[in-house]
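Structure first, then comments.
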Ligand SMILES: Cc1ncc(COP(=O)(O)O)c(C=O)c1O
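In the numbering used here, the protein residues as written are -14 to 446.
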């Protein structure tokens, strides 16, 4: 009989798949373990093939805002399956999806469905280049926008020159068109625009960064990006693959969802051109980008993503315009059904975001308090991260053996945290840089249990 446990499956997988996985972080290398192979999931629980059950805070890396296998989403998917899996032709549900997206995220006047967040951001960048006739883009260190060539790039030695690929196989020439500056660094952005503003097609940013742990935009940062991009005729792209429908029904474009400026938006000298004044921000309104990318939640657990924005920009896309972008499975009927069911459930429940926030805040506050200043816990809406910076850990008397040893790196501390949680039935992402996601299916009891397990990590001698 073929053995069905995680170790046996991983051994087989490694022989036939790179690292034994279909996406690198799943390999769990950073925490010194083998991956759990999952057999099923329901609500806030995930079960591995070895029969262990965990409270799940990965939620498939973000899509699972309603928890696993929500009955209404499953019903929509099963019904769609009965009608055939894919046609490669338009369907009513795709129209409904584009209309619902425009209703929920009004800046997405016209949108296009694709199958992954990577595709959505890659396509939005191409549209920005086609619309502006410019080649360069500006992105931020630590933000992840999928694995398309021009976005797998980090800063080189100088601010304006020498960006370097972060992956083998990405031509250096591609990297030259992507300028990378630190997140929240207004001065660096200002400098890049002063030198290269006329060549910049787009600034692409996670409005709340969630791929280097969770990092909030400094008050005024997004407002500054909006103002300076308007000044230079550069498009502002919000990558809301994580924040979309997570920070609120309109993602980071939900009023009040992102920390606001205290009233001092950094001043831009010179006149602001007449590009769509409706996009200019005031202190009472969220920052509105020209283009937005959505993924994860919009697919309701199936492979769907969307990019869209101002009509005049999106009309550049074929067949209306000359920017080519296509997909055999784009707007797939099953994925669209899952996404629509998810969005409708979110829309129909006026309290859902308050509930999600309250549960996540409780978890974040418990960990913050229990760790007595030895962690950095960042939380916004139902998104949070826990990190173990070395300098913080060293400044406090330690009880935990791992935290006590000053030679232990933040990575090692995180690995100990991860292994403690996993061995007590709590499943989080196996990397310091990935967020924790709370779903509507997380029960108060499971949040309480997680708080207990988390607190016990800091108490062990
Ligand atoms: C902000 C952001 N953009 C884009 C992507 C890429 O999405 P996908 O993995 O669906 O290609 C991710 C994936 O985690 C993401 O977090």
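All C-beta atoms, glycine included, are put in the ideal place defined by N, C-alpha and C.
Element boundaries [beta strand (DSSP E), containing residue i]
i, result
"residue 373", "Where residue 373 is concerned, there is no enclosing beta strand (DSSP E), given that its DSSP letter is neither H nor E."
"residue 223", "220 to 225"
"residue 124", "121 to 126"
"residue 41", "38 to 41"
"residue 275", "Residue 275 -> no beta strand (DSSP E), and no H or E assigned at all."
"residue 96", "95 to 99"
"residue 167", "163 to 167"
"residue 83", "No beta strand (DSSP E) holds residue 83; the alpha helix (DSSP H) holding it covers 77 to 89."
Integer-rounded CB distance, given that residue j should sit under 8 angstroms from residue i
i, j, result
"residue 353", "residue 360", "7 angstroms"
"residue 423", "residue 341", "6 angstroms"
"residue 459", "residue 62", "For residue 459 there is no data in the structure shown, the boundaries of the chain being -14 and 446."
"residue 447", "residue 237", "Limits of the chain in this structure are -14 at one end and 446 at the other, which puts residue 447 out of reach."
"residue 356", "residue 375", "About 14 angstroms; that fails the 8 angstroms criterion."
"residue 465", "residue 100", "Because residue 465 is not part of the residues shown, which for the chain are -14 to 446, the question remains open."
"residue 181", "residue 121", "6 angstroms"
Residue i to residue j span [Cα, whole Å]
i, j, result
"residue 51", "residue 404", "26 angstroms"
"residue 295", "residue 161", "28 angstroms"
"residue 54", "residue 37", "18 angstroms"
"residue 95", "residue 334", "25 angstroms"
"residue 174", "residue 117", "19 angstroms"
"residue 155", "residue 444", "46 angstroms"
"residue 15", "residue 417", "9 angstroms"
"residue 285", "residue 343", "22 angstroms"
"residue 151", "residue 227", "21 angstroms"
"residue 130", "residue 369", "19 angstroms"
"residue 317", "residue 56", "20 angstroms"
"residue -1", "residue 39", "24 angstroms"
"residue 310", "residue 291", "12 angstroms"
Residue i Cβ short of 7 angstroms to ligand 1 heavy atom set
i, result
"residue 131", "yes"
"residue 134", "no"
"residue 122", "no"
"residue 126", "no"
"residue 402", "no"
"residue 149", "no"
"residue 312", "no"
"residue 103", "yes"
"residue 196", "yes"
"residue 222", "no"
"residue 280", "yes"
Residue span of the alpha helix (DSSP H) that contains residue i, given as start and end
i, result
"residue 309", "Premise fails: residue 309 is in no alpha helix (DSSP H) and is neither H nor E."
"residue 63", "56 to 67"
"residue 176", "171 to 181"
"residue 195", "First-last for residue 195: undefined, no H or E at that position."
"residue 403", "395 to 408"
"residue 319", "318 to 333"
Quiz item: Quick one: any contact between the stretch 191 to 208 and the stretch 161 to 179, if contact means 3 or more CB pairs under 8 angstroms?
Solution: yes
Quiz item: Taking contact to mean at least 3 C-beta pairs separated by less than 8 angstroms, is the stretch 183 to 191 in contact with the stretch -5 to 11?
Solution: no
Quiz prompt | Meets three-Cβ-pair contact criterion under 8 angstroms: the stretch 107 to 122 and the stretch 208 to 228 | solution = yes
Practice problem: Would you check if the stretch 400 to 417 and the stretch 428 to 443 touch, i.e. whether three or more CB-CB distances between them fall below 8 angstroms? | Solution: The stretch 428 to 443 is in contact with the stretch 400 to 417.
Quiz item: Per the contact definition of three or more C-beta pairs closer than 8 angstroms, is the stretch 100 to 110 in contact with the stretch 132 to 147?
Solution: yes
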